[in-house]
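Per this note's numbering, the sequence shown runs over residues 24 to 158.
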Amino acid sequence: MLRPTMTNPFFPVTSGGDGSFSASPNTTAPVFNNATASPPFNNTSFFIPGAGNPSHEVGFAANTTSTDVITTGWKFYGHIALLESADGSLISLFWAVPSGTDRVWNLTWNETDTSDGAIPVTLKDTPPPNLVTKA
Numbered sequence: 024m025l026r027p028t029m030t031n032p033f034f035p036v037t038s039g040g041d042g043s044f045s046a047s048p049n050t051t052a053p054v055f056n057n058a059t060a061s062p063p064f065n066n067t068s069f070f071i072p073g074a075g076n077p078s079h080e081v082g083f084a085a086n087t088t089s090t091d092v093i094t095t096g097w098k099f100y101g102h103i104a105l106l107e108s109a110d111g112s113l114i115s116l117f118w119a120v121p122s123g124t125d126r127v128w129n130l131t132w133n134e135t136d137t138s139d140g141a142i143p144v145t146l147k148d149t150p151p152p153n154l155v156t157k158a
């Protein structure tokens, strides 16, 4: 499994015909946070934990054949990523959980314990607004 904070945080995500998201490194983007110039992944699939998986961890993995994770069924409603459930409803259960490092959060799915400061978030295909004011 790959945690995006371990390497270059800029990588393109593409949507497959089966509703999957895959990511490969963007080798033209600048390298931040002392990351290596060559990220250790290629063509990875985005996953969330399946119904029988006790973990709330999400991420990208090269091998996602496990039945404990979900990699397909993603749809966009406008710019918001949603999962199409078995009954056809669209759901989003993403949460941001403090990592223990200042200003760094872990993205999770279906977080049930919010006592650690978890907050609900939306996964979108648009960049955040630029909130920096120029002098």
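All C-beta atoms, glycine included, are put in the ideal place defined by N, C-alpha and C.
Keep in mind that this is a model prediction, so the values were computed, not measured.
query, result
"By the DSSP assignment, the beta strand (DSSP E) with A119 in it spans what residues?", "F117 to P121"
"Where do the N-terminal and C-terminal ends of the beta strand (DSSP E) with N129 fall, by residue?", "W128 to W132"
"Once DSSP output is grouped into helix, strand and coil, what is the label at G101?", "coil"
"What's the C-alpha gap between S45 and A109?", "22 Å"
"For A84, which residues does DSSP report across the bridge?", "S68"
"Using 8 Å as the cut-off, can you tell me whether the region 111-126 makes contact with the region 141-155, which would need three or more C-beta pairs spanning the two stretches below that distance?", "yes"
"Express the C-alpha separation of L113 and D91 in angstroms, rounding to a whole number.", "20 Å"
"Below 6 Å CB to CB, which residues in the same chain sit around S78 once its five sequence neighbours on both sides are set aside?", "P72"
"So, at 8 Å on beta carbons, what are the nonlocal neighbours of N76 in its own chain, with the 5 sequence-adjacent residues on each side left out?", "D91 and V92"
"Over the uninterrupted beta strand (DSSP E) stretch that includes A46, give me the two end residues.", "F44 to A46"
"In three-state terms, what does DSSP make of L173?", "Here the chain comprises residues numbered 24 to 158, so residue 173 is not present and cannot be evaluated."
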